[in-house]
Ligand SMILES: Nc1ncnc2c1ncn2[C@@H]1O[C@H](COP(=O)(O)OP(=O)(O)O)[C@@H](O)[C@H]1O
Ligand SMILES: [Mg+2]
C-alpha cells in the first residue's frame, strides 16, 4: 500500500469501529480519539526513511500494517484450554493479576481481594462509566502521541487498565499477562495502560507477553503505557516477552518521575517477529532517577528495536541504560539511547552501555547513542560493543569436559545474566531466567549461575 | 599411558614442533624444560586439542588409543587435563557452576551417577583444602579478578576435582611466590598416584625441588634434544640451554 492508502485505510476503519469502542457515548473520550486520529492523518505511518523507525520496518510491515482488532465484548470468556494456573511457571506472589487475551480482558475466577490502597480499573469500564477519571490520562496521551503508531493506539485501543497505588498499599506486585492466540491473527490488538504511583508508594509491575499454541499467521500487539511516579515513590516495571514468531510487538512507554523517586524499566525481548520497545522518561523532580535495563536474545529473522529517551529536566537527576543483545541467525538488534539534559538540570548524571554478542556471521547489531546536553554541570558516559564469543573461553570450558554446545550456551547465558541478575524483584528475576532458559538451545540451570 | 611419536605441528604456516617423541608410563612424572618459544605450550595445547594447531605428522596415543581424533571435551572425559599457562577468565560463570558441569560431564562419561548440588559441595570442599582455597572462591566468576597465584591454584583445584589420568601442567609455577609454589607443589604431590601421570612444563628448576620427576626432557627448536633424570634440571639451571641447541636427542 502507498502511504496515503495506508492513512485512508485507517481513517475508514475508524469510522467503522468508533461507535463500538468503549466510551463511544462519552463526548470527551470520542473527542480524544478524534484528535488522535487527526494526528495520525497528519503524521501518517512512519516509513523506512523515518529515522526513529529505520530498524523497525521489519518485513515491510509499515507498508502493510494490520487492521485494528475488531471490537467485541470487552470481557471475553476464558478459552477452554487456557488455565491461568499453567502460566504460572513462576509464582510472582502478585497481589493482583490482570489477563488480556488478544487484547481483550479476561476475568479470572477466584481473584484475591486487593490490599487497601491498590486500585485496578479496567479501562473499558472507566471510559464508559468514569470519564472524569480517564480524562487527564487521555489528555496526556494525546499530547504524547508524536508518531503515527502512537496516535493509532489512542484512536483504537479498546482495553487496558488504570492502576493506582497509594502508599498505604505497601510494596505491591501487579502481574499483567498479555496472551496472543490464534484468534488474534490478521489484526493488531491495541491496549493502553496507566499507572500512578502516589508519593512515597512502592510497586512492581511485571508484564508477561506470551503466546498460546502455535500461531501460523501475522498478528500485532500494540501497547501504550503512561507511568507516573510520585515524589519519593518507587516503581519497578518489567516487560518479559516471549511471543510467537509471527507477532509484530510494539510498545511505547512514557514516564514521569518525581522528586527523589526511582523508576526501573526492564525489557526482556525473546520472541516476536519484530519487538519494538520505546520509552521516554522525564526526570522531572529534583533527585529523580531511572534505570533502564534489558536483554534481547534473537534468532532466525527476528528483529528487536529498543528506542530509549531520557530527559533530565531537574537538578541532580540520574539515568542509567544497560542493554545487552545476543544475536543469532539472521537477527538484528538495534539500540538507540538518547539522553537530553535541559538547561538548569545541574548535577545530572547519565550512563549508557549497550553490548552485543554476535553468535552468527549473519546477525547484525546496531547501537546508537545520542546526547543532547544543554548544561555544563553533568556527567555522561556511554559505551557500546559488538563482539563474538571468546574462543579461548570456549576451549577452556571444553578442556574441562563440557561439550561445545553447552560451553557456548553457558557463555551466552552468562553474558545476559550479568544484566538480569540485577533485576530488583526476586519473582520477576526468576521468571526472566526461566524464560531465557527455555529460549536457549541448551536447557541450562541458569538459576545456579547467580 | 602416553606415546607421542615424531609429532609435527604447525600454527598457520609456521612449523613449531618438528618431530617430537616422548613416552610417559603410568604413574610417572615427567618434566619438560626449554627456552621461551621452544614449543612447550604448543605441545600442551595439542594434547588438550586446542583448535588452530594443525598436526601435520606423527601420532599421539593415549591409553593405546589415537588421541588426535578426539574433541577436546572427549579428551577431558577420558582423563586428559591441562592446567593452562594463562588460565582464561570466564565472566559471569561461577566456579561452582563450571566445576560441577565439568565433573558431571566426566562422571557421566565414566558411567557414574551425577552429583547434585549438595553432594557436589561436600565433594569440592575436600578438594579446596588441597589447594588451601576458601569457599568464597566457589561463588566467584571463573578466574574473574583472580590474582595470578589464585588462577594457578584454581587450575590445581580443577585438576583435583576432575581426577585426571594424565595431567599436563603448563608453567603452573611461573609467577608464584614461594608460599604459593609450595601450595601448588603440595597439591600435585597429594594427587600423585600409581594411576596418574604428570607432564610438568616448567621454565625453572625450582618447581622440581618440590615435585621430584622421574624424567626431565629438554625441548628446543620443536623437538626433545636431551632427556635425563632429575639431575639434568640442575645442570640446565647452571649451564642454560645454549649448549644443547642443534643437538639431537641424546
Ligand atoms: N596461536 C599461535 N599463533 C601464532 N604463533 C604461535 C601460536 N602459539 C604459539 N606460537 C608460536 O610458536 C612458538 C612456540 O610457542 P609456545 O609453544 O608458546 O612456546 P613456549 O611455551 O615453549 O614458550 C612461538 O614462537 C610462538 O610465538
Ligand atoms: Mg608456554
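Protein chains in written order, with the working numbering: chain A, 1 to 450; chain B, 451 to 700. All residues carry an ideal CB built from backbone N, CA and C; glycine is no exception.
Contact check, residue i vs residue j, beta carbons under 9 Å
i              : j              : result
residue 185(A) : residue 219(A) : yes
residue 454(A) : residue 332(A) : Only positions 1 to 450 of chain A appear in this structure, which leaves residue 454(A) out of reach.
residue 329(A) : residue 357(A) : no
residue 100(A) : residue 191(A) : yes
residue 648(B) : residue 480(B) : yes
residue 641(B) : residue 613(B) : yes
residue 295(A) : residue 310(A) : no
residue 277(A) : residue 303(A) : no
residue 279(A) : residue 233(A) : no
residue 402(A) : residue 551(B) : yes
residue 243(A) : residue 203(A) : no
residue 164(A) : residue 121(A) : yes
residue 603(B) : residue 581(B) : yes
residue 415(A) : residue 591(B) : no
residue 400(A) : residue 523(B) : yes
Residue i: first and last residue of the uninterrupted alpha helix (DSSP H) it sits in
i              : result
residue 615(B) : Looking at the DSSP string, residue 615(B) is not in any alpha helix (DSSP H), and its letter there is neither H nor E.
residue 491(B) : 490–498
residue 446(A) : Looking at the DSSP string, residue 446(A) is not in any alpha helix (DSSP H), and its letter there is neither H nor E.
residue 330(A) : Element bounds for residue 330(A): n/a, residue is neither H nor E.
residue 572(B) : 567–580
residue 478(B) : Careful: residue 478(B) lies outside any alpha helix (DSSP H) and carries neither H nor E.
residue 9(A)   : 3–17
residue 40(A)  : 27–43
residue 395(A) : 391–398
residue 407(A) : 404–420
residue 287(A) : Neither: residue 287(A) is in no alpha helix (DSSP H) and is coded neither H nor E.
residue 683(B) : 681–689
residue 154(A) : 148–156
Residues bridged to residue i (per DSSP)
i              : result
residue 544(B) : 591(B)
residue 266(A) : 238(A), 293(A)
residue 386(A) : 356(A)
residue 122(A) : 161(A)
residue 455(B) : 509(B)
residue 483(B) : 652(B), 668(B)
residue 58(A)  : According to DSSP, which records beta bridges pairwise, residue 58(A) is partnered with nothing at all.
residue 516(B) : 511(B)
residue 362(A) : The partner list for residue 362(A) (beta bridge, DSSP) is empty, contrary to what the question assumes.
residue 190(A) : 222(A)
residue 470(B) : 457(B)
residue 498(A) : Only positions 1 to 450 of chain A appear in this structure, which leaves residue 498(A) out of reach.
residue 249(A) : 221(A), 275(A)
residue 243(A) : According to DSSP, residue 243(A) bridges with nothing at all.
CB-CB length for residue i against residue j, believed under 8 Å
i              : j              : result
residue 43(A)  : residue 141(A) : With 8 Å as the limit, residue 43(A) and residue 141(A) do not qualify as a contact, their Cβ atoms being about 15 Å apart.
residue 485(B) : residue 617(B) : Wrong, their Cβ atoms sit about 23 Å apart, outside the cutoff.
residue 347(A) : residue 377(A) : 6 Å
residue 674(B) : residue 667(B) : 5 Å
residue 249(A) : residue 52(A)  : Not a contact, Cβ separation roughly 17 Å.
residue 126(A) : residue 206(A) : Contact flag wrong, Cβ pair sits at about 22 Å.
residue 457(B) : residue 467(B) : 5 Å
residue 14(A)  : residue 155(A) : 6 Å
residue 635(B) : residue 657(B) : 7 Å
residue 350(A) : residue 380(A) : 5 Å
residue 263(A) : residue 269(A) : Not really, about 19 Å apart at Cβ, beyond 8 Å.
residue 208(A) : residue 240(A) : 5 Å
residue 502(B) : residue 461(B) : 7 Å
residue 217(A) : residue 179(A) : The Cβ separation is near 17 Å, so there is no contact.
Endpoints, the beta strand (DSSP E) within which residue i is located
i              : result
residue 137(A) : No beta strand (DSSP E) contains residue 137(A), which is instead part of the alpha helix (DSSP H) from 131–144.
residue 511(B) : 504–512
residue 437(A) : Note, residue 437(A): premise wrong, no beta strand (DSSP E); alpha helix (DSSP H) at 426–439.
residue 661(B) : Premise fails: residue 661(B) is in no beta strand (DSSP E) and is neither H nor E.
residue 282(A) : 274–283
residue 531(B) : 530–533
residue 167(A) : From DSSP, residue 167(A) is part of no beta strand (DSSP E); its letter is neither H nor E.
residue 100(A) : 96–101
With three or more C-beta pairs closer than 8 Å as the rule, is the segment 570–579 of chain B touching the segment 505–519 of chain B? no
Any residue with its Cβ nearer than 7 Å to a heavy atom of ligand 4 should be included. What is that list in chain order? No copy of ligand 4 occurs in the structure displayed; its ligands are ligand 1 and ligand 2 alone.
Inter-stretch contact (C-beta, 8 Å, three-pair minimum) for the segment 421–440 of chain A and the segment 277–289 of chain A: no
So, does the segment 61–71 of chain A touch the segment 17–27 of chain A, judging by three or more C-beta pairs under 8 Å? yes
Is the segment 678–695 of chain B touching the segment 503–512 of chain B, taking contact as three or more C-beta pairs under 8 Å? no
Meets three-Cβ-pair contact criterion under 8 Å: the segment 531–538 of chain B and the segment 615–630 of chain B: yes
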